[in-house]
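Novice:
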Amino acid sequence: MPRIAYVNGAYSRLADASTNIEDRGYQFSDGVYEVCLVVDGKYWDMAGHIARLWRSLEALSIRKPIGDGALKIIMAKVLRLNKLRDALVYIQVSRGVAPRNHPFPDAADPTLVVTARPFDLAKSNATAGKGVALVTQPDIRWGRVDVKSVSLLPNVLAKQAAKRVGAAEALLIKDGKVTEGASSNAWILTAEGVLVTHPLGHEILGGITRQTTLDRARELQIPIEERAFTLAEAHEAQEVFITSATNIVTPVVRIDDHIVGDGAPGPVALRLREAYIDFSRRDA
Ligand code: PDD
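Numbering (our numbering), first residue to last: 14 to 297.
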């Protein structure tokens with residue numbers, strides 16, 4: 014069955030779906046995106062993802078192309094047309110099409126794209142049950158990575174460095190501190206049993222999964238510190254894990270050549286993953 018994509022009001026075969034070559038998303042990375050997880054036909058954390066999409070647009074002064082209700086209808090229709098109940102839904106908004114010139118165009122309609130691809134929760138659970146490896150990479154990104162911009166070249170290079178050695182993700186290091194992953198947030202559980210993750214601000218993307226995981230950790234009465242941590246702290250940690258819409262909560266068992274803890278996925282990470290999944294299946 015051909016995949017179906019939404020572009021500016023039209024649903025068509027993904028292979029035929031397109032925007033103009035003078036789309037500012039294509040020429041300037043002048044756009045933002047979201048990735049939302051759907052399991053059993055139910056969106057997890059949808060409100061958080063949509064709210065962040067609007068925040069990202071606002072940060073870049075890109076006009077909102079559509080309201081919440083209409084966007085949700087499009088997201089539902091894309092799933093239906095692709096016959097998907099378990100999916101990762103991708104939403105992208107660019108500033109639109111205009112003759113190439115750096116300043117904002119006087120008049121351009123934002124380009125809205127929505128696509129979906131299958132997601133396999135059982136496979137994701139199996140990956141989490143084994144744990145993943147990370148490699149460290151310098152964080153060479155710009156100063157506003159809290160905006161979920163499609164300008165992802167440093168993330169692409171870091172992820173490729175991970176892939177080259179068979180690792181799942183790159184851990185980004187800035188001024189001696191771990192900021193986050195190339196497409197995930199990073200966490201440690203210290204030897205004292207404190208959960209640590211980088212605080213919100215301009216230096217990380219405020220993950221929607223990060224927030225829901227913090228909420229679950231509070232419910233489980235796990236002590237939390239939102240502060241930057243060093244690579245040495247990650248090496249000494251009992252557990253390391255990453256969170257994102259695509260990874261949910263995934264334990265890390267190796268960072269470069271260093272084995273994390275006893276080399277097995279951390280029980281606290283797995284407990285948080287389970288709590289996250291239970292909550293998301295229940296939550297309206
Ligand atoms: N990435 N940090 C970065 C740099 C990210 O790209 C992402 C998500 C996250 C986690 O955010 P959330 O929990 O809201 O998914 C953190 C998506 C999944 C991607 O680029 O594919």
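Every residue, glycine too, gets a C-beta built ideally from N, C-alpha and C.
How big is the Cα-Cα spacing for T210 and T256?
Specialist: 11 Å
Novice: Would you say the beta carbon of V209 is closer than 7 Å to some non-hydrogen atom of ligand 1?
Specialist: no
Novice: Check whether the Cβ atoms of V148 and A175 lie closer than 8 Å to each other.
Specialist: Cβ distance < 8 Å, so V148 and A175 count as in contact.
Novice: Report yes if the C-beta of P216 is less than 7 Å from at least one heavy atom of ligand 1; otherwise report no.
Specialist: Correcting the residue type first, residue 216 is Glu in the shown sequence and not Pro. No; taking the cut-off as 7 Å, the Cβ of E216 has no heavy atom of ligand 1 nearer than that.
Novice: If you draw a straight line from the alpha carbon of D188 to that of G22, how long is it in whole angstroms?
Specialist: 45 Å
Novice: Work out the CA separation of A250 and R267 for me, nearest whole Å.
Specialist: Taking the straight line from one Cα to the other gives about 11 Å.
Novice: I'd like the ranges of any alpha helix (DSSP H) spanning at least 4 consecutive residues and lying wholly in the segment 27–114.
Specialist: 37–41, 59–72, 81–94
Novice: Can you find a heavy atom of ligand 1 that lies under 7 Å from the Cβ of R26?
Specialist: no
Novice: Go through its chain and collect everything with a Cβ distance to N36's Cβ below 6 Å, but skip five positions before and after it.
Specialist: Here residue 36 is Asp; the residue named in the question, Asn, does not match the sequence. These residues qualify, in order along the chain: S107, V110, T124.
Novice: Please find out if some non-hydrogen atom of ligand 1 comes closer than 7 Å to the beta-carbon of E182.
Specialist: Incorrect: E182 has no Cβ contact closer than 7 Å to ligand 1.
Novice: S196 and K172: beta carbons closer than 8 Å?
Specialist: Contact flag set, yes.
Novice: Pairing CB atoms from the segment 60–79 with CB atoms from the segment 212–230, are three or more of them under 8 Å?
Specialist: yes
Novice: My output table needs one value for E249: the three-state DSSP class, helix, strand or coil.
Specialist: helix
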